[in-house]
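This report concerns only the one structure given below.
There are 4 protein chains.
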Amino acid sequence: MCPKVSSEYKTEIKERIIQSAIECFSKYGLDKTTMEGVAQKADLSKGTLYLYFKSKEELFYVICDNNLKVLKERLAQILATTKTKEDLVSNAEQFYENFHRTEKRENEKIFCEIIAESARNPKLQKMLYAQRLKTFNVVREYLDHQMEKGFFRKDTDTKAIASGFVALYDGLIASEFLGISASYSINSWRSTVRAIMAGIS
Amino acid sequence: MCPKVSSEYKTEIKERIIQSAIECFSKYGLDKTTMEGVAQKADLSKGTLYLYFKSKEELFYVICDNNLKVLKERLAQILATTKTKEDLVSNAEQFYENFHRTEKRENEKIFCEIIAESARNPKLQKMLYAQRLKTFNVVREYLDHQMEKGFFRKDTDTKAIASGFVALYDGLIASEFLGISASYSINSWRSTVRAIMAGIS
Amino acid sequence: MCPKVSSEYKTEIKERIIQSAIECFSKYGLDKTTMEGVAQKADLSKGTLYLYFKSKEELFYVICDNNLKVLKERLAQILATTKTKEDLVSNAEQFYENFHRTEKRENEKIFCEIIAESARNPKLQKMLYAQRLKTFNVVREYLDHQMEKGFFRKDTDTKAIASGFVALYDGLIASEFLGISASYSINSWRSTVRAIMAGIS
Amino acid sequence: MCPKVSSEYKTEIKERIIQSAIECFSKYGLDKTTMEGVAQKADLSKGTLYLYFKSKEELFYVICDNNLKVLKERLAQILATTKTKEDLVSNAEQFYENFHRTEKRENEKIFCEIIAESARNPKLQKMLYAQRLKTFNVVREYLDHQMEKGFFRKDTDTKAIASGFVALYDGLIASEFLGISASYSINSWRSTVRAIMAGIS
DNA sequence: CATGAATGAGACTTCATTCAT
DNA sequence: CATGAATGAAGTCTCATTCAT
Chain X
0 MCPKVSSEYK TEIKERIIQS AIECFSKYGL DKTTMEGVAQ KADLSKGTLY
50 LYFKSKEELF YVICDNNLKV LKERLAQILA TTKTKEDLVS NAEQFYENFH
100 RTEKRENEKI FCEIIAESAR NPKLQKMLYA QRLKTFNVVR EYLDHQMEKG
150 FFRKDTDTKA IASGFVALYD GLIASEFLGI SASYSINSWR STVRAIMAGI
200 S
Chain S
0 MCPKVSSEYK TEIKERIIQS AIECFSKYGL DKTTMEGVAQ KADLSKGTLY
50 LYFKSKEELF YVICDNNLKV LKERLAQILA TTKTKEDLVS NAEQFYENFH
100 RTEKRENEKI FCEIIAESAR NPKLQKMLYA QRLKTFNVVR EYLDHQMEKG
150 FFRKDTDTKA IASGFVALYD GLIASEFLGI SASYSINSWR STVRAIMAGI
200 S
Chain P
0 MCPKVSSEYK TEIKERIIQS AIECFSKYGL DKTTMEGVAQ KADLSKGTLY
50 LYFKSKEELF YVICDNNLKV LKERLAQILA TTKTKEDLVS NAEQFYENFH
100 RTEKRENEKI FCEIIAESAR NPKLQKMLYA QRLKTFNVVR EYLDHQMEKG
150 FFRKDTDTKA IASGFVALYD GLIASEFLGI SASYSINSWR STVRAIMAGI
200 S
Chain G
0 MCPKVSSEYK TEIKERIIQS AIECFSKYGL DKTTMEGVAQ KADLSKGTLY
50 LYFKSKEELF YVICDNNLKV LKERLAQILA TTKTKEDLVS NAEQFYENFH
100 RTEKRENEKI FCEIIAESAR NPKLQKMLYA QRLKTFNVVR EYLDHQMEKG
150 FFRKDTDTKA IASGFVALYD GLIASEFLGI SASYSINSWR STVRAIMAGI
200 S
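Residue numbers (numbering that gives the first Met the number 0), protein chains in the order written: chain X, 0 to 200; chain S, 0 to 200; chain P, 0 to 200; chain G, 0 to 200.
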C-alpha cells in the first residue's frame, strides 16, 4: 500500500530533527537558534532539514503542536486515579512535583519560548488557545468528577477553579525560570492547593 | 548650579526612546526588534539611540529594570488599604481586574518577553529573581498584616500562599496572551482567590 | 581516503580570496579595505569570505604569515650560490634589483601596511618579530659562510652587518614607496653595499 | 596690523590639537583615530576641531608636513659639527642613537603611519617625496663636505651613499617597531656605518 | 535522498561631519 | 567662538535558504 520502510526511515529522521530542535529552541530561543545548530545536533546537514521542514518557522510550529499534545496526554494520565478524598488531597498536593519531575526540562523551557512567541504570532496563538482550552477541560472534568463523588461543594465553579489550577502551575514554573528554587515552588503549590481544596470542600 | 535644561532635555529623549523600545519589544520580541525600528518610532536616527544606550541589550536591560520597579510600586500601592474582612475579600477578588486594568498592555506583553529571555540570560535572570523576591515579600507582608488582624488562621504559611497568589496572577496573564478572554481570567481569579481565602480562614 | 576534490576546490577558493585581499590591502590599507571589496574582486559574495576566514583580521593575519614565509624562502633561494669573491660582490650588488624584480609589487606594498599595523597590534608584532629574526639569520649565515671562505675579515660582526643589510633593503623599499625611482634606489644599494663589502674585507 | 592676541590664542589651540592628533595617530593609526578621541585629549569639543581643520584628512596632512620639517631641521643641526676624521667616524657611529634619543617616540611611530598612508595617497606621497629629497641632500652635502676635507675618496658617489644612510636609518627604525631591541639596532648601525666609512675612505 | 558551498538581505554599531544654540 | 546632540552613510558579520553535485 505504501513504502513502509522508507516512510519509517523518514519518520525517524524527522524525529531526530525535532528532538534536536527542541533542545536548541529551549536553550537559545526561536531567533537565536540556527538551522546550522539544529542540523549539527541532529547529525545531519543543513540542507537535509529543508527536505523535512519547509522553514525554521514550520519546524517551530510542529514542535509546538507536538509539545502541547504530549502535555495534555500526560496530564490526563496523571489525573486518572483518585478513589478516596485522602487520595484527592494528596494527589493534588503532589501533582506539581509529580508532573514536574517526569517532565523533561527542555519541554518546559520551550513552553516559555512558545508563549512569548505566541504573543505576537496569531497562528501560533490560535494553536495554543485551542490546547489551553483542552487542558482546562481535562482538569475541569477531573474536578467535576470529584464533585460528583461529593468531595467538593456542589456550587463550586469548577471551570474557574480548573483554570486557576493551570494558571497557578504555569506561574510557579515561570518562577522557577527566574531562579526560584524548586522546593520553594513545590511548597507554594502545596499550601495554595490545600487552601483551595479546603475552601471548596 | 547644574545643567538643568540640557539634563531635562536628555531625559525626555531617553524617555522617548524607552517608550518606543517598549512598544517594539512587546510587539516583536527582543530579537526581531531592530534599532532602526525603535529609532523610527521615536522619531530619531539610529545613531542617536547609541548616544543614550550603549547597545540594544543595554536598552533592554534598562527597560526590564524600569518595568519591574514600576510593577512592584503599583502592587504596594494597591495593597495599601484594607480595614474589614469584607474589604479584604473584595479587595483580593478584585485585585486582578484592578491591577490589570491600570496596567498598560505593552508592559505586560514585554514582561512575557522578559521572562522568556531570562530563561537563557543569567544577568537578566538575576535581576528578575531579585525583583520576584521583592514582589513575594510585598504580598507576604500584606498577608501577615491581615493574619495579625485575625482574618487568617495563625498557622497559615503566608510565604507559600503569597507566592501562590503571584503565580496565579502570572499564570492568568499568560492565559490571556494565549487568547483566553479577560472575563474568563477575572472569573477564574475571583473563584480561586475566594477559595484560597476561605481555605485559610 | 581523503576528500581530495573538495579539499582542492576549497584551497583554490581560499587562494582566490587571499590574492584579492592582498591586492585590496596593498591598495587601500587594512582599514579602508572592505570585505565587500575583497569579495567582489574575488568574484564571490561577502558571505563566502566568512566561510573561509573568521574575520577581516584573521584574513589579514593569514596573509601576513604567508607573505613573510614566502619572503624568507625567496631570500634563502637567492642567497644559495656564491663561489668566488667576484660572485659575492656582484651577487650582493645585484641583490636588490634581483629580489625586487621577482617580487610582486603588491607583496611589497602590503609589507608596508603590515609594519604600520604591527606598530599597534601586539599579536602581529610578535609574528613579524619572529620572522624578522629568521630573516636576519638567513643573511647572517650567508655572511658567516663567506667569512669562512676568507672573503671577509674574521672580526666582522656578521650579526650586526646582516641586520644592516636587511634594514638597508627595507629603507630603500620605503623610499620607493615615497616615489623615489627604482634606478635611484638600485644605485644607492649598489654603492652602499660595495662600500660595506669593501669595509669588511 | 593684525589681531595679535586672538591670533596667538588660535595658534595655541591649533598646537594643542596637533599634539593630541599626533599622539592619537601614532597610537591608533589614521583610520582608527577618531575625532572624538583627538578632541578629548586636547580638552576640546569635537566641533572645535572643525573650526581649525577642515577635516580629519587635513589634520593629518598638516601633521605630516610639520613632522617632516622638524625632522629635516634636526638632522641639519646634528650634522653641523665635524672637524677631524675621528669626529666624523664617531659622529657617524653615534648618529643613530643620538638622533633616536632626542626624537619623541610618537614622532617616529607616526612616521610609520605616514609612509603606509602615502603608499596610497598621491597628495601625501608628493609631500613625502619632496621632503625625502631634501633629507638626502642634507646628508649628501655633509658627505661632500667631508669628501672635500679628504676624509673620503674623491670618486665616492655621495648621492648614492647618502640615500643609503637614510635608508639604513629608516630600516633600523622599522626593525625597532617590530620589536627588535634598540641596542641591537644601535649595534647594527655602528657596525654597518663603520664598514661603509671604511669602504669609502 | 543528502550535502554543504554559496548567496545576499539585513542587523548592529561606529564615527566624520554638521548645525542650532 | 565653542559646544555637543544629531545624523546617516558605511562597514562587519550572521544566517535562512537555495541548488548543483
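Glycine included, each C-beta is placed from N, C-alpha and C at the ideal position.
Taking 8 angstroms as the limit between beta carbons, can you name the residues of its chain near residue i, skipping five residues before and five after?
{"i": "Y51/S", "result": "K9, I12, K13 and I16"}
{"i": "I199/P", "result": "F151, R152, T155 and I160"}
{"i": "Y60/P", "result": "K122, L123 and M126"}
{"i": "D42/S", "result": "R15"}
{"i": "K45/G", "result": "M34, E35 and A38"}
{"i": "K71/X", "result": "Q130, K133, T134 and V137"}
Please return the same chain residues whose Cβ sits closer than 6 angstroms to the Cβ of residue i, not counting the five positions on each side in sequence.
{"i": "P2/P", "result": "Residue placement at P2/P cannot be trusted, given a pLDDT of 44 that sits under 50; what the coordinates show is reported in the next sentence. Contacts found: none."}
{"i": "N90/G", "result": "T81"}
{"i": "M0/P", "result": "Confidence is the limiting factor: at M0/P the pLDDT is only 39, short of 50, which leaves the residue's position unreliable and the question unanswerable from this model."}
{"i": "M189/X", "result": "The displayed chain sequence assigns Arg, not Met, to residue 189/X. The answer, listed in chain order, is E92."}
{"i": "S162/X", "result": "F135"}
For residue i, report the span of its alpha helix (DSSP H) as first-last.
{"i": "K139/S", "result": "Note on identity: in this sequence residue 139/S is Arg, with Lys being the wrong assignment. Run containing R139/S: P121 to E147, per the alpha helix (DSSP H) assignment."}
{"i": "S184/G", "result": "A181 to I199"}
{"i": "D169/P", "result": "T157 to F176"}
{"i": "T81/G", "result": "Looking at the DSSP string, T81/G is not in any alpha helix (DSSP H), and its letter there is neither H nor E."}
{"i": "T47/X", "result": "K45 to Y51"}
{"i": "R104/S", "result": "R104 to S117"}
{"i": "K40/S", "result": "M34 to K40"}
Contact check, residue i vs residue j under 8 angstroms by CB: the rounded distance?
{"i": "I195/X", "j": "I172/X", "result": "Contact flag wrong, Cβ pair sits at about 18 angstroms."}
{"i": "L87/G", "j": "Q145/G", "result": "6 angstroms"}
{"i": "S25/P", "j": "L177/G", "result": "Between L177/G and S25/P the Cβ distance is about 19 angstroms, and since that is not below 8 angstroms, they are no contact."}
{"i": "V137/X", "j": "F164/X", "result": "With 8 angstroms as the limit, V137/X and F164/X do not qualify as a contact, their Cβ atoms being about 11 angstroms apart."}
{"i": "I179/P", "j": "I109/P", "result": "The Cβ separation is near 19 angstroms, so there is no contact."}
{"i": "E57/G", "j": "A115/P", "result": "Going by Cβ atoms, the distance from E57/G to A115/P rounds to 20 angstroms, so no, they are not a contact pair."}
Can you name, in chain order, every residue of its own chain whose Cβ lies under 7 angstroms from the Cβ of residue i, other than the five neighbours on each side?
{"i": "A181/S", "result": "E175"}
{"i": "D185/G", "result": "Contrary to the premise, residue 185/G reads as Ile rather than Asp in this sequence. Excluding sequence neighbours, I185/G sits near Y95 and E96."}
{"i": "E107/G", "result": "I172"}
{"i": "K192/G", "result": "A small correction: the amino acid at residue 192/G is Val; Lys does not occupy that position in the sequence shown. Here the set comprises A91 and E92."}
{"i": "Y141/G", "result": "L78"}
{"i": "T157/P", "result": "R139, L142, D143 and M146"}
Between the region 168-185 of chain G and chain P, which residues of the former have a C-beta closer than 8 angstroms to a C-beta of the latter?
Y168, D169, G170, L171, A173, S174, F176, L177, G178, I179, Y183 and S184
Contact set between the region 98-111 of chain S and chain X, restricted to residues whose Cβ is under 8 angstroms from the partner:
K108 and C111
Members of the region 114-129 of chain X near chain S, C-beta cut-off 8 angstroms
I114, A115, E116, S117, A118, R119, Q124, K125, L127 and Y128
Mind checking the region 23-49 of chain G against chain P and listing, in chain order, the residues whose C-beta falls within less than 9 angstroms of any C-beta there?
S25, K26, Y27, G28, L29, D30 and K31
Can you give me, in chain order, the residues of the region 133-146 of chain S that have a beta carbon less than 9 angstroms from any beta carbon in chain X?
F135
Which residues, in order along the region 186-197 of chain G, keep a beta-carbon less than 9 angstroms from a beta-carbon of chain P?
N186, S187, W188, R189, S190, T191, V192, R193, A194, I195, M196 and A197
Return the residues of the region 79-97 of chain P that lie within a Cβ-Cβ distance of less than 8 angstroms from chain G, sorted by chain order.
none
Contact set between the region 144-164 of chain G and chain P, restricted to residues whose Cβ is under 7 angstroms from the partner:
D156, A159, I160, S162 and G163
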